[in-house]
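Enquirer: FYI, in the numbering used here the residues of the sequence shown are 34 to 196.
Virtual Cβ for every residue (Gly too), placed ideally from N, Cα, C.
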Amino acid sequence: MEGEQFVHNNYLTRNVWSGVFFGLGLIAFIDEGVFHQLLHWHHFYDKSTLEVGLVSDGFFHAFSWFATIAGLFMVADLRRRRVWIVKRWWGGVLLGAGLFQLYDGLIQHKIFGLHQIRYVDNVIYYDWVWNVIAVIMIAAGGMLLKATGKMPQNKREKKVHGA
Numbered sequence: 034m035e036g037e038q039f040v041h042n043n044y045l046t047r048n049v050w051s052g053v054f055f056g057l058g059l060i061a062f063i064d065e066g067v068f069h070q071l072l073h074w075h076h077f078y079d080k081s082t083l084e085v086g087l088v089s090d091g092f093f094h095a096f097s098w099f100a101t102i103a104g105l106f107m108v109a110d111l112r113r114r115r116v117w118i119v120k121r122w123w124g125g126v127l128l129g130a131g132l133f134q135l136y137d138g139l140i141q142h143k144i145f146g147l148h149q150i151r152y153v154d155n156v157i158y159y160d161w162v163w164n165v166i167a168v169i170m171i172a173a174g175g176m177l178l179k180a181t182g183k184m185p186q187n188k189r190e191k192k193v194h195g196a
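#1: Among the candidates R113, G129, Q70, whose CA atom is the shortest distance from the CA of G174?
#2: Going by DSSP, what residue range makes up the alpha helix (DSSP H) through D110?
#3: Should I140 be labelled buried (16 or more other beta-carbon atoms within 10 Å of its own) or exposed?
#4: Looking at the secondary structure, which residues open and close the alpha helix (DSSP H) in which G129 lies?
#5: Just to check my reading of the structure: G124 and G52 have Cβ atoms closer than 8 Å, yes? What is that Cβ distance to the nearest angstrom?
#6: From R114 to F106, what distance separates their C-alpha atoms?
#7: Going by CA-CA distance only, name the one from R47, M170, G182, L178 that's closest to R59.
#8: Can you give the Cα-Cα distance for S89 and V126, rounded to whole angstroms?
#9: Whole angstroms are fine: how far does the CA of I150 sit from the CA of L71?
#10: Could you give the C-beta distance for W122 and V108, rounded to a whole number, given that I count them as a contact under 8 Å?
#11: I need the straight-line Cα distance from W117 to F77, nearest angstrom please.
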């Protein structure tokens with residue numbers, strides 16, 4: 034019984050981590066696609082030339098691609114084993130996306146000063162919106178994880194996708 038509980042908890046954790054990786058990759062894709070490429074508000078690293086900024090965007094894009102693919106490979110493994118819990122996975126997605134966005138908004142924008150969201154006089158409004166959205170995603174992800182962590186094992190098994 035103890036070994037089964039360990040395996041069960043391991044799959045709960047893997048559902049979260051696969052969602053976190055996918056969420057990191059997803060929010061990074063959105064950040065780069067919308068704010069870097071479409072709107073031209075900033076690059077990942079804005080303290081040098083445009084060429085350096087574009088190269089930094091390339092590395093950022095590679096990071097987001099690898100995180101997304103890692104998350105999807107983990108989902109494929111969970112589905113193959115029939116232990117993918119969709120609601121728990123979405124909790125991980127929101128948690129990962131929110132944590133990355135909050136890290137970006139506080140650490141990269143303010144502490145390291147790698148770039149700003151947008152180079153305008155009143156950037157504080159952009160900062161507030163960016164970080165509040167991050168906190169909302171973290172809270173929503175946390176609520177989904179808490180809800181799926183409380184279910185008894187037999188109910189959780191019924192909610193597993195493909196079981």
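Expert: In brief:
#1: Comparing Cα positions, the closest option is G129.
#2: 83-113 is the extent of the alpha helix (DSSP H) around D110.
#3: By the neighbour-count criterion, in which 16 or more other beta carbons inside 10 Å mark a residue as buried, I140 falls on the exposed side.
#4: Looking at the DSSP string, the run of the alpha helix (DSSP H) that includes G129 is 119-136.
#5: Contact check for G124 and G52: beta-carbon distance about 6 Å, within the 8 Å limit, so the pair qualifies.
#6: Cα-Cα distance, rounded: 13 Å.
#7: Correcting the residue type first, residue 59 is Leu in the shown sequence and not Arg. Of the candidates R47, M170, G182, L178, the one whose C-alpha sits nearest the C-alpha of L59 is M170.
#8: Take the alpha-carbon of S89 and the one of V126: they are about 25 Å apart.
#9: Using only the alpha carbons, I get a separation of about 13 Å.
#10: Contact between W122 and V108 holds, since their C-beta atoms are separated by about 7 Å, short of 8 Å.
#11: Their Cα atoms are separated by approximately 34 Å.
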